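Q: Pasting a structure here, questions to come.
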Amino acid sequence: FLLFVSICLCSSNSESRAICRYICEKYADKGNKGLYGTNPLAKASIEQWLEAEGQSFSPPSSVLVFQLAFAPRMKIKQDQVVIKQNEEKLSRVLDIYDKRLGETRFLAGDEFTLADLSHLPNTQYLVGVSGRGELFTSRKNVGRWWNEISSRDSWKKVVDMQKKSA
């Protein structure tokens, strides 16, 4: 699973999403068997939330990760206007997520799936590195969801590997 996470989540571009889908299909009988759904309806729900991540969550969260976590390390001036605009965009997305997560334990239903996993990298940076955790924890259901998905042993191992390589 750690290799899967390392391959799939080192970046959040569409190519890595395709690789994640491929690995889920290729190794569906290993590890978390429901990660990409066990039937067409489950898979359709996962795809809907993967699209939401790719089209609505990733754009503002990626900008924030760059501005808040990487720009300072690269000695690039942070653009406060861009930060504010993208915090507002992400807040609107998280409001929708909060409503959904009030209905289901995870985004695509009551099981942890690739839809949830795909949110881990950017959220980890925003919560853990950039001091923007309140975007997530101030929302009851999003906060619960984040606490649950980020406390998975496999994710903790990924975070530990990143810390050791930094």
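The sequence shown lines up with residues -18 to -1, 1 to 148 when you count with mature numbering (1 follows the signal peptide of the UniProt record, and there is no 0).
Backbone N, C-alpha and C fix where the C-beta goes; we use that ideal spot for every residue, glycine too.
The model shown is predicted, which means the values in this text are computed figures rather than measured ones.
1. Beta-carbon within less than 7 Å of R82's beta-carbon, same chain only, minus the 5 sequence neighbours each way: which residues are those?
2. Alpha carbon to alpha carbon, what distance is there between S100 and residue 233?
3. By how many angstroms is the C-alpha of V75 removed from the C-alpha of G34?
4. Please name the residue in N21, I28, S43 whose C-alpha comes closest to that of L108.
5. Enumerate in chain order the residues of its own chain whose CB-to-CB distance from G19 is below 6 Å, with the five nearest sequence positions on each side excluded.
6. If distances are taken between C-alpha atoms only, which option among P54, L32, C2, I5 comes closest to G91?
7. Classify Q62: buried if its beta carbon has 16 or more other beta carbons within 10 angstroms, exposed otherwise.
8. Taking the straight line between their C-alpha atoms, what separation do you get for M143 and G84?
9. Indicate the three-state DSSP secondary structure (helix, strand or coil) for K94 in the structure shown.
10. Check each candidate in K145, T119, L23, P54 and name the one with the smallest Cα separation from D77.
11. Between which two residues does the alpha helix (DSSP H) carrying Q49 extend?
12. Kindly list the residues whose CB is nearer than 8 Å to the CB of V124, restricted to its own chain and excluding five residues on each side of it in sequence; keep chain order.
A: On the basis of the coordinates in this document:
1. Position 100 of the sequence shown holds residue 82. Excluding residues within five positions, the ones whose Cβ falls inside 7 Å are L89.
2. No statement about residue 233 is possible, as the shown extent of the chain runs from -18 to 148 and does not include it.
3. Locating residue 34 in the sequence shown gives position 52, counting from the first residue. Locating residue 75 in the sequence shown gives position 93, counting from the first residue. Before going on, a small fix: residue 34 reads as Ala here, not Gly. So the two alpha carbons sit approximately 9 Å from each other.
4. The residue given as residue 108 occupies position 126 in the sequence shown. Out of N21, I28, S43, S43 has the C-alpha closest to the C-alpha of L108.
5. What you label residue 19 is simply residue 37 of the sequence shown in a count that begins at 1. The residues are K25, I28.
6. Here the question's residue 91 lines up with position 109 in the sequence shown. Nearest of P54, L32, C2, I5 to G91, Cα basis: L32.
7. Here residue 62 corresponds to residue number 80 of the sequence shown, with the count starting at 1. Answer is exposed; the Cβ neighbour count stays below 16.
8. As a position in the sequence shown, residue 143 is number 161, starting the count at 1. As a position in the sequence shown, residue 84 is number 102, starting the count at 1. Rounded to whole angstroms, M143 to G84 spans 32 Å at the Cα level.
9. In the sequence shown, counting from the first residue as 1, residue 94 sits at position 112. In the sequence as displayed, the identity of residue 94 is Phe instead of Lys. Correct three-state label for F94: coil.
10. Numbered from its first residue, the sequence shown carries residue 77 at position 95. For D77, the nearest C-alpha among the options comes from T119.
11. For the purposes of this step, residue 49 is identified with residue 67 of the sequence shown, where counting begins at 1. Segment: none, Q49 is in no alpha helix (DSSP H) and carries neither H nor E.
12. Residue 124 sits at position 142 when you count from the first residue of the sequence shown. L76, Y79, D80, L83, F118, listed in sequence order.
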